[in-house]
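Engineer: Residue numbers (this note's numbering): 81 to 459. Note that CB positions come from ideal geometry on N, CA and C, so glycine has one too.
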Amino acid sequence: MGLDLHNPGHAKLSLLCEGINILPEATQELGTKFTEWTNSYNNSSQKLKEGINVIPEEFILPEDVVCGVRYRPSSPWKMHFDKSKYFLTYDDEYICEINLPPRPAFYSKTLSNGEPIVHYVTTYSVYAIGIFLNRQCHLWKDKMPCAFCSIAPTSNNFHNSHETPPQEKIIEAIKTIQESDPRFNYLEISSGSLSDYDKGFSEALELVKKIKPSLKKDMKIHTLVQPPHNFDLLKMLELVDEPTFAMEIWNPELFKEIVPGKEHFYGREKFLELFKEGTRLFGKGKLSCQFIAGLEPLESLIEGIHKVAEIGAVPQQAVFHPDLGTKLANKEPPSLEFEIEVIKTLRDVYKKYNYKPYRHTCRRSSPDGEAYKGYFDNL
Ligand code: SF4
Numbered sequence: 081m082g083l084d085l086h087n088p089g090h091a092k093l094s095l096l097c098e099g100i101n102i103l104p105e106a107t108q109e110l111g112t113k114f115t116e117w118t119n120s121y122n123n124s125s126q127k128l129k130e131g132i133n134v135i136p137e138e139f140i141l142p143e144d145v146v147c148g149v150r151y152r153p154s155s156p157w158k159m160h161f162d163k164s165k166y167f168l169t170y171d172d173e174y175i176c177e178i179n180l181p182p183r184p185a186f187y188s189k190t191l192s193n194g195e196p197i198v199h200y201v202t203t204y205s206v207y208a209i210g211i212f213l214n215r216q217c218h219l220w221k222d223k224m225p226c227a228f229c230s231i232a233p234t235s236n237n238f239h240n241s242h243e244t245p246p247q248e249k250i251i252e253a254i255k256t257i258q259e260s261d262p263r264f265n266y267l268e269i270s271s272g273s274l275s276d277y278d279k280g281f282s283e284a285l286e287l288v289k290k291i292k293p294s295l296k297k298d299m300k301i302h303t304l305v306q307p308p309h310n311f312d313l314l315k316m317l318e319l320v321d322e323p324t325f326a327m328e329i330w331n332p333e334l335f336k337e338i339v340p341g342k343e344h345f346y347g348r349e350k351f352l353e354l355f356k357e358g359t360r361l362f363g364k365g366k367l368s369c370q371f372i373a374g375l376e377p378l379e380s381l382i383e384g385i386h387k388v389a390e391i392g393a394v395p396q397q398a399v400f401h402p403d404l405g406t407k408l409a410n411k412e413p414p415s416l417e418f419e420i421e422v423i424k425t426l427r428d429v430y431k432k433y434n435y436k437p438y439r440h441t442c443r444r445s446s447p448d449g450e451a452y453k454g455y456f457d458n459l
């Protein structure tokens, strides 16, 4: 059975693979009424090349399915605006109305020192705010960046961003946001790698410790940071609801090729030890392992999903998107056929092990949450 584009989970999968063209009239309220793209990492849009000034980071499909935007002028998907409604077409056939996330109040607020809050915190989804701790990564400085990574080229576009934002300012920002924008229920903490992995991990988790008491009760914490060499530090993950480590690639040869810095400074085997130790400490299903779908053969990715799940970590994917300024800028995203097989595998694995993928209610860059929620049960 093929995709049914009127099923919001299926539409999201297709949109992440095929991208979307955004018509100019659909951009007019971005930056005023609705949220514009501000993320200081992962710039997959072609807007700089194509001359569009602003795009949304995401939109909301029917049934509150949050979908990230991959701007591709050649896509069969189009985003329109007419008579105060936003809607999508595929090959010029009407598919559905969509909503755009309202621009958060904190986007125009400042801290006590007069600095804009968005220099410290941004949205990671309509329901998630995010802190990007180290906005540079030592793997770029050591000339071994992950081949898909856009942290260095993207940060050059954000001149006002701090390379390493001070923690007391982050805490002030989070407190202010919770007072003015009650819709957020996830805090995402991510970071580029310091050359001292234990230090980078400890700093991120120390921030969690400081910030946790000021969070409202339903605010969950998700972390995506470089893992420590010293596994004694993993105990610090106790305070994190959903800790993820990004192994990215399962195939051993492609691991060396696509994530050479991770191979050199950490090692594929060490990732597997990490997931074993995390499972020993916290039980199955607490840690998750992120792969990038579309950079290795389907068979090896599927093998990786099963192996990681057996160890005790929740396998997850981010659908590969070619970012400007990266080695893989000209590589195509995975085909629909590829991605359908991946999502069917994840659907079955989540059911088999009773695993829940992280930020399953609002993750925009992957249909994993929709697989968990049953949107692909009939595939
Ligand atoms: S670890 Fe890889 S993907 Fe992450 S910031 Fe560094 S180079 Fe980029």
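Three-state secondary structure (DSSP) at MET159?
Structural biologist: By 1-based counting over the sequence shown, the position of residue 159 is 79. It is a strand residue.
Engineer: Quick one: what's got a C-beta closer than 7 Å to GLY272's C-beta in the same chain, skipping five residues either side?
Structural biologist: As a working note, residue 272 is residue 192 in the sequence shown. Once the five neighbours on either side are set aside, the close Cβ partners of GLY272 are ASN214, ARG215, GLN216, CYS217 and ILE231.
Engineer: Restricting to Cα atoms, I'd like to know which of SER380, ALA393 and LEU375 is closest to ARG360.
Structural biologist: On the sequence shown, residue 360 is found 280 positions in, with the first residue counted as 1. Considering only alpha carbons, the answer is ALA393.
Engineer: I'd like to know if the stretch 315-329 and the stretch 280-288 are in contact, where contact means that at least 3 CB-CB pairs between them fall below 8 Å.
Structural biologist: yes
Engineer: Would you check if the stretch 178-191 and the stretch 248-265 touch, i.e. whether three or more CB-CB distances between them fall below 8 Å?
Structural biologist: yes
Engineer: Using only the heavy atoms of ligand 1, determine whether one of them is closer than 7 Å to the beta carbon of LEU219.
Structural biologist: Here residue 219 is taken as the residue at index 139 of the sequence shown, counted from 1. LEU219 Cβ: within cutoff of ligand 1.
Engineer: Could you give the DSSP three-state label for MET316: helix, strand or coil?
Structural biologist: Within the sequence shown, numbered from 1, the residue matching residue 316 stands at position 236. Here MET316 sits in helix by DSSP.
Engineer: Quick check: the Cα distance between PRO307 and ASP222, rounded to an integer number of angstroms?
Structural biologist: Indexing the sequence shown from 1 puts residue 307 at position 227. Indexing the sequence shown from 1 puts residue 222 at position 142. Computed Cα separation, rounded: 18 Å.
Engineer: Keeping to the same chain, check which residues put their C-beta closer than 6 Å to that of GLU268; ignore five residues upstream and five downstream.
Structural biologist: Here the question's residue 268 lines up with position 188 in the sequence shown. Excluding sequence neighbours, GLU268 sits near TYR204, ALA208, GLY210 and HIS302.
Engineer: Taking DSSP's pairing of strands, which residues face PHE212 in a bridge?
Structural biologist: Taking the sequence shown and counting its residues from 1, one reaches residue 212 at position 132. Beta-bridge pairing links PHE212 to SER270.
Engineer: Leaving aside the five residues before and after ALA409 along the sequence, list all residues of the same chain whose C-beta is less than 7 Å from its C-beta, in chain order.
Structural biologist: In the sequence shown, the residue the question calls residue 409 occupies position 329. These residues qualify, in order along the chain: PRO402 and ASP403.
Engineer: Can you give, in chain order, each stretch of the beta strand (DSSP E) that sits fully within the stretch 339-391 and has at least 3 residues?
Structural biologist: 368-373
Engineer: Closer than 7 Å to a non-hydrogen atom of ligand 1 - does that hold for the CB of GLN396?
Structural biologist: By one-based count along the sequence shown, residue 396 stands at place 316. No, ligand 1 has no heavy atom inside 7 Å of this Cβ.
Engineer: Let me confirm a value: TYR200 is counted as buried when at least 16 other C-beta atoms fall within 10 Å, else exposed. Which label applies?
Structural biologist: Taking the sequence shown and counting its residues from 1, the one referred to as residue 200 is at position 120. Result: buried.
Engineer: Taking the beta carbon of PRO182 as the centre, do at least 16 other beta carbons fall within 10 Å, making it buried, or is it exposed?
Structural biologist: What you label residue 182 is simply residue 102 of the sequence shown in a count that begins at 1. So PRO182 counts as exposed.
Engineer: Buried or exposed, going by whether 16 or more other CB atoms sit within 10 Å of the CB of GLN397?
Structural biologist: Taking the first residue of the sequence shown as 1, we reach residue 397 at position 317. Per the 10 Å Cβ criterion, buried.
Engineer: Drop a sphere of 10 angstroms on the beta-carbon of LYS342, count the other beta-carbons inside from all chains shown, and report buried for 16 or more, exposed for fewer.
Structural biologist: The residue labelled residue 342 in the question sits at position 262 within the sequence shown. Flag for LYS342 reads buried.
Engineer: Taking the C-alpha atoms as reference points, what is the distance between HIS386 and LYS163?
Structural biologist: Position 306 of the sequence shown, counted from the start, is the residue given in the question as residue 386. Position 83 of the sequence shown, counted from the start, is the residue given in the question as residue 163. Going by the C-alpha atoms only, they are around 48 Å apart.
Engineer: Ligand 1 and ILE231: does any heavy atom of the ligand fall closer than 7 Å to the residue's C-beta?
Structural biologist: Looking up residue 231 in the sequence shown gives position 151. Yes - ligand 1 has a heavy atom lying nearer than 7 Å to the Cβ of ILE231.
Engineer: In terms of residues, what are the limits of the alpha helix (DSSP H) holding GLN247?
Structural biologist: On the sequence shown, position 167 is the one that residue 247 refers to. Residues 247-260.
Engineer: Could you tell me if the beta carbon of SER446 falls within a distance shorter than 7 Å of some heavy atom in ligand 1?
Structural biologist: Against the sequence shown, residue 446 aligns to sequence position 366. Outside the cutoff, so no.
Engineer: LYS350: which of GLU333, HIS309 and GLU328 sits nearest, CA to CA?
Structural biologist: Counting from one through the sequence shown, the residue named residue 350 turns up at place 270. Taking only the C-alpha atoms, the option nearest LYS350 is HIS309.
Engineer: How about CYS226: is its Cβ closer than 7 Å to a heavy atom in ligand 1?
Structural biologist: Counted from its first residue, the sequence shown places residue 226 at position 146. Yes, the beta carbon of CYS226 sits closer than 7 Å to at least one heavy atom of ligand 1.
Engineer: Relative to the C-alpha of THR112, which residue among PRO184, PRO245 and ILE329 is closest?
Structural biologist: Here residue 112 is taken as the residue at index 32 of the sequence shown, counted from 1. Among PRO184, PRO245 and ILE329, the Cα nearest to that of THR112 is on PRO184.
Engineer: Less than 8 Å between the C-beta atoms of CYS147 and GLU137, yes or no?
Structural biologist: Looking up residue 147 in the sequence shown gives position 67. Looking up residue 137 in the sequence shown gives position 57. Contact: no.
Engineer: Distance, Cα to Cα, ARG444 vs VAL145?
Structural biologist: Counting from one through the sequence shown, the residue named residue 444 turns up at place 364. Counting from one through the sequence shown, the residue named residue 145 turns up at place 65. Computed Cα separation, rounded: 8 Å.
Engineer: Is the beta carbon of GLY272 within less than 7 Å of some heavy atom of ligand 1?
Structural biologist: Working through the sequence shown from its first residue, we reach residue 272 at position 192. Because some heavy atom of ligand 1 lies under 7 Å away, the Cβ of GLY272 counts as near it: yes.
Engineer: Whose C-alpha, out of ASP448, ASN434, LYS407 and MET299, is nearest the C-alpha of PRO233?
Structural biologist: Indexing the sequence shown from 1 puts residue 233 at position 153. If we check each option's Cα against that of PRO233, LYS407 comes out closest.
Engineer: Report the option in VAL134, LYS92 and ARG152 whose CA atom is closest to the CA atom of ALA106.
Structural biologist: By one-based count along the sequence shown, residue 106 stands at place 26. Closest by C-alpha distance to ALA106, out of VAL134, LYS92 and ARG152, is VAL134.
Engineer: Please state the DSSP three-state secondary structure of TYR207.
Structural biologist: In the sequence shown, counting from the first residue as 1, residue 207 sits at position 127. Correct three-state label for TYR207: coil.
Engineer: Skipping 5 residues on each side, what residues in its chain have a beta carbon closer than 6 Å to that of ASN434?
Structural biologist: Within the sequence shown, residue 434 is the residue found at index 354, counting from 1. None.
Engineer: Roughly how many angstroms lie between the CA atoms of ILE254 and ASN179, to the nearest whole one?
Structural biologist: Position 174 of the sequence shown holds residue 254. Position 99 of the sequence shown holds residue 179. Using only the alpha carbons, I get a separation of about 25 Å.
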